[in-house]
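Enquirer:
If you want it as structure tokens, here you go:
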């Protein structure tokens with residue numbers, strides 16, 4: 047089944063009952079009230095917001111250190127609804143002495159997106175603010191898989207998609223001038239960053255790769271994963287791993303983006 051995926055990443059603490067409660071309120075307000083929730087598949091628990099918040103904030107030991115054991119915590123929750131068909135999940139990490147990347151995703155059926163496109167965009171924008179996202183996107187899941195290469199934001203940019211949120215670190219990294227002049231059909235300043243759209247509809251990019259290719263050429267291909275190179279490398283050597291690419295430094299406070307077209311800031315070849 048064709049699906050539309052929303053993916054957001056933050057380095058902020060996510061074990062928060064207030065954040066969890068507000069996220070499920072945002073879902074309900076847009077008509078995406080879950081029917082079932084759980085920590086893992088199969089998802090069987092009947093949804094209530096209080097139970098969803100409890101599952102979200104429940105912590106398990108995580109972050110193993112050799113010779114020491116578990117030194118941190120992690121948690122999350124899965125939720126599904128059927129009218130309209132959607133699912134969402136959050137996975138957060140709280141590990142000492144490292145940058146913690148926590149993820150929130152939302153998937154809706156392509157048929158439902160045709161009716162709820164404005165609600166999904168609104169959810170995207172409000173959730174960026176809620177979790178103080180670093181980076182995120184909305185895309186047809188087919189396009190997401192086409193651009194996918196193993197790794198995280200520590201090692202590569204995942205791609206260029208229908209809607210893209212570049213937080214302050216990414217604006218400083220690429221520079222405002224570079225981002226503002228990309229091949230976007232529209233763009234919007236948002237939460238000290240920038241949201242850009244690459245086409246009128248996410249479906250427009252399923253069979254047309256030209257917009258994403260132009261965007262990668264404009265921003266710099268060496269920042270992005272290359273699925274074809276990955277598959278060829280693994281075909282020749284199953285243990286092959288893609289090289290790390292220059293990425294924004296996710297440590298420390300948000301930078302103040304340069305506004306004069308200067309070279310990218312905080313580049314770290316990891």
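In this note's numbering, the protein residues as written are 47 to 316.
Heads up, the beta-carbon is just placed ideally off N, CA and C, and yes, glycines get one too.
#1: Looking only at its own chain, which residues have a Cβ that is under 7 Å from the Cβ of residue 56, when we skip the five neighbours before and after it?
#2: Could you tell me the alpha carbon to alpha carbon distance between residue 306 and residue 72, rounded to whole angstroms?
#3: Count the other CB atoms within 10 Å of the CB of residue 234; is the residue buried (16 or more) or exposed (fewer)?
#4: Check residue 138 in the structure and name its three-state DSSP category.
#5: Quick one: what does DSSP say residue 149 is sitting in, helix, strand or coil?
#6: Determine whether the beta carbon atoms of residue 123 and residue 83 lie at a separation below 8 Å.
#7: Assuming contact is defined by CB atoms lying nearer than 8 Å, are residue 252 and residue 231 in contact in what I supplied?
#8: When you compare only the Cα positions, how much space is there between residue 287 and residue 116?
#9: Which of helix, strand or coil does DSSP assign to residue 197?
#10: Applying the 10 Å Cβ sphere with the 16-neighbour rule, what's the burial state of residue 107?
Expert: Reading it off the structure:
#1: 148, 177, 178, 179 and 180
#2: Since pLDDT at residue 306 reaches only 40, below the 50 mark, its modelled position is unreliable, and no value is offered.
#3: exposed
#4: strand
#5: strand
#6: yes
#7: no
#8: 26 Å
#9: coil
#10: exposed
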